[in-house]
């Protein structure tokens, strides 16, 4: 299976912020209580990347906002983020990682 992710890397001074999601989630709106999360192309879809490029982006980024089972599984498998930090909205996992 060729996993594809939608990614947007924002470089600001010496900080790399990565927004990345499982591509099939693009365009969805997730709701929980009074909270709505729109998985917009503008926020997440600067480019589409495959698994190896996604790993490199995860490794070099300081702040990571990820949504989707596949990207979170990939991230935690390479030691970035903890399963304890994973939250769910509408059954879809999301994880935010800040590296110090």
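Numbering (the working numbering), first residue to last: 42 to 141.
Beta carbons: idealized from backbone N, C-alpha and C, even for Gly.
Small disclaimer: the values here were computed from a predicted structure and weren't measured.
Enclosing alpha helix (DSSP H) for residue i [first to last residue]
i: residue 91; result: Per DSSP, residue 91 belongs to no alpha helix (DSSP H); it is in the beta strand (DSSP E), 88 to 91.
i: residue 66; result: Where residue 66 is concerned, there is no enclosing alpha helix (DSSP H), given that its DSSP letter is neither H nor E.
i: residue 113; result: 110 to 118
Endpoints, the beta strand (DSSP E) within which residue i is located
i: residue 102; result: Where residue 102 is concerned, there is no enclosing beta strand (DSSP E), given that its DSSP letter is neither H nor E.
i: residue 123; result: Segment: none, residue 123 is in no beta strand (DSSP E) and carries neither H nor E.
i: residue 61; result: 56 to 63
i: residue 50; result: 45 to 53
i: residue 140; result: Looking at the DSSP string, residue 140 is not in any beta strand (DSSP E), and its letter there is neither H nor E.
i: residue 130; result: 128 to 130
When the options are compared against residue i, the one with the closest alpha-carbon
i: residue 122; options: 89, 141, 70; result: 141
i: residue 45; options: 128, 88, 53, 101; result: 88
i: residue 108; options: 69, 55, 52; result: 69
CB-CB length for residue i against residue j, believed under 8 Å
i: residue 50; j: residue 57; result: 6 Å
i: residue 138; j: residue 112; result: Their Cβ separation, rounded to whole angstroms, is 11 Å, which puts residue 138 and residue 112 out of contact at 8 Å.
i: residue 110; j: residue 134; result: 6 Å
Own chain partners of residue i with C-beta closer than 8 Å, once the 5 adjacent residues on each side are dropped
i: residue 130; result: 71, 72, 73, 76, 78
Close beta carbons around residue i, own chain, < 6 Å, minus the five adjacent residues each side
i: residue 85; result: 47, 49, 60, 62
*Do the region 112 to 122 and the region 71 to 83 meet, that is, are 3 or more Cβ pairs less than 8 Å apart?*
no
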